[in-house]
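Student:
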Amino acid sequence: GAVVSQHPSWVICKSGTSVKIECRSLDFQATTMFWYRQFPKQSLMLMATSNEGSKATYEQGVEKDKFLINHASLTLSTLTVTSAHPEDSSFYICSARDPGGRGDTQYFGPGTRLTVL
Amino acid sequence: AQTVTQSQPEMSVQEAETVTLSCTYDTSENNYYLFWYKQPPSRQMILVIRQEAYKQQNATENRFSVNFQKAAKSFSLKISDSQLGDTAMYFCAFVIQGAQKLVFGQGTRLTINP
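First to last, the sequence lines map onto chains A and B. Residues are numbered in the numbering used here as their position in the first sequence, beginning at 1, plus a constant of 1. Residues are numbered in the numbering used here as their position in the second sequence, beginning at 1, plus a constant of 420.
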């Protein structure tokens, strides 16, 4: 149980375009989802916390207008990187908490590798 | 401030050996949960083991066990009979009860050699 999917697994886009990444909880309803960014050989950096039906809470230093997060349902959160630039190239990971199970535990998606040319 | 420290950036052992990964953390809270996550080359984060801070008994999951020392704020992971598939980056993390954010360590890169 507690499976989280992400789509796409990798994406290449041109500078200036927008890219949407989807995160889905497949076998549970997630009231809270999280978006992380991971640079090579580093730990995960939390970007924002996404609560179903309300605005996301962004971490300090994360541009909310650049990284748009929508959590419109209990099983889907999306991260849109707007006007992407090469410095936005990274590995993006989502996670979700299962309030019906071990609500303190985050389960992670497989990640999305974004390359901006 | 809440922090997690993994003092071993890299470790390497032979297959079938036992290896222990260190983790210390800092928090003034009393109720929290501790985790070890594994990130293999596929980069999928996988939950290895979970420990409730209010439980004195150390958690075990097959070949994986922890040594939880609450007073010392230490949470080490022991991998017994290590296998090639255990090669991965291992992250120690905790979350305060009622909070949402996971606090991660910097990770330990573990290599199991044949």
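Beta carbons: idealized from backbone N, C-alpha and C, even for Gly.
Short of 8 Å in beta carbon distance, which residues of its chain neighbour B/Q428, apart from the five on each side in sequence? Order them along the chain.
Tutor: Contacts found: L441, S442 and T528.
Student: Please classify A/H86 as buried or exposed, where buried requires at least 16 neighbouring CB atoms within 10 angstroms.
Tutor: So A/H86 ends up on the exposed side.
Student: Between B/F514, B/D506 and B/F524, which has its C-alpha nearest B/E437's C-alpha?
Tutor: Looking at the Cα atoms, B/D506 is the closest of the given residues.
Student: Per DSSP, which residues does B/Y457 bridge with? Please list them.
Tutor: Paired residue(s): B/L467 and B/F511.
Student: Per DSSP, what are the beta-bridge partners of A/T79 in this structure?
Tutor: Its beta-bridge partners are A/E23 and A/N71.
Student: Residues of chain B with CB under 7 Å from A/C45, in chain order?
Tutor: At residue 45 of chain A the sequence reads Leu, which differs from the Cys that was named. Simply F524.
Student: Find the residues of chain A that neighbour B/G527, judging by a C-beta separation of less than 7 Å, and give them in chain order.
Tutor: Result: S44.
Student: Counting only beta-carbon atoms, is A/T33 nearer than 8 Å to chain B?
Tutor: Yes - at least one Cβ of chain B is within 8 Å of the one on A/T33.
Student: Restricting to Cα atoms, I'd like to know which of A/G110, A/T116, A/L118 and A/D105 is closest to B/L454.
Tutor: Comparing Cα-Cα distances from B/L454 to each of A/G110, A/T116, A/L118 and A/D105, the minimum goes to A/D105.
Student: According to DSSP, is A/L118 helix, strand or coil?
Tutor: Looking at A/L118 - three-state DSSP - the assignment turns out to be coil, as it is neither helix nor strand.
Student: For B/I466, count the other beta carbons within 10 Å of its own beta carbon; 16 or more makes it buried, fewer makes it exposed. Which is it?
Tutor: Classification for B/I466: exposed.
Student: If you reduce the DSSP assignment to three classes, tell me which class A/E88 lands in.
Tutor: Correct three-state label for A/E88: helix.
Student: So is A/A73 buried or exposed if we call it buried at 16+ other beta carbons inside 10 Å?
Tutor: Under this definition A/A73 is an exposed residue.
Student: So, for B/M509: in the same chain, excluding its five sequence neighbours on each side, which residues have a beta-carbon less than 6 Å away from its beta-carbon?
Tutor: Counting only Cβ-Cβ distances below 6 Å, and skipping sequence neighbours, we find Q459, G527 and R529.
Student: May I ask you to report which of helix, strand or coil DSSP gives B/D506?
Tutor: The answer is helix: DSSP assigns B/D506 an H, G or I state.
Student: Between the alpha carbons of A/T113 and B/Q503, how many angstroms are there, rounded?
Tutor: Distance between the alpha carbons of A/T113 and B/Q503: 27 Å.
Student: CB-CB under 6 Å to B/V515, same chain, minus the five flanking residues each way: which ones, in chain order?
Tutor: Contacts found: Y453 and L522.
Student: Answer with yes or no whether the minimum CB distance from A/S105 to chain B is below 8 Å.
Tutor: Here residue 105 of chain A is Asp; the residue named in the question, Ser, does not match the sequence. It does; some Cβ of chain B falls within 8 Å.
Student: Which one or two residues does DSSP pair with A/Y37 in a beta bridge?
Tutor: Looking at the DSSP assignment, A/Y37 forms a beta bridge with A/L47 and A/I94.
Student: Where does A/C14 fall in DSSP's three states?
Tutor: In this structure, A/C14 counts as strand in the three-state DSSP scheme.
Student: Check this for me: beta carbons of A/C95 and A/W36, under 8 Å apart or not?
Tutor: Yes.
Student: Among the residues of its own chain, which have a CB less than 6 Å from the CB of A/F92, if the five just before and after it don't count?
Tutor: These residues qualify, in order along the chain: Q39, G112 and R114.
Student: Compare the C-beta of A/R41 with all C-beta atoms of chain B and state if any pair is closer than 8 Å.
Tutor: The question names Arg, but residue 41 of chain A is Pro in the sequence shown. No, its Cβ sits nowhere closer than 8 Å to a Cβ of chain B.
Student: Quick check on A/A94 - is its C-beta less than 8 Å from some C-beta in chain B?
Tutor: Position check: residue 94 of chain A holds Ile in this sequence, whereas Ala was assumed. Judged by the 8 Å Cβ criterion, A/I94 is in contact with chain B.
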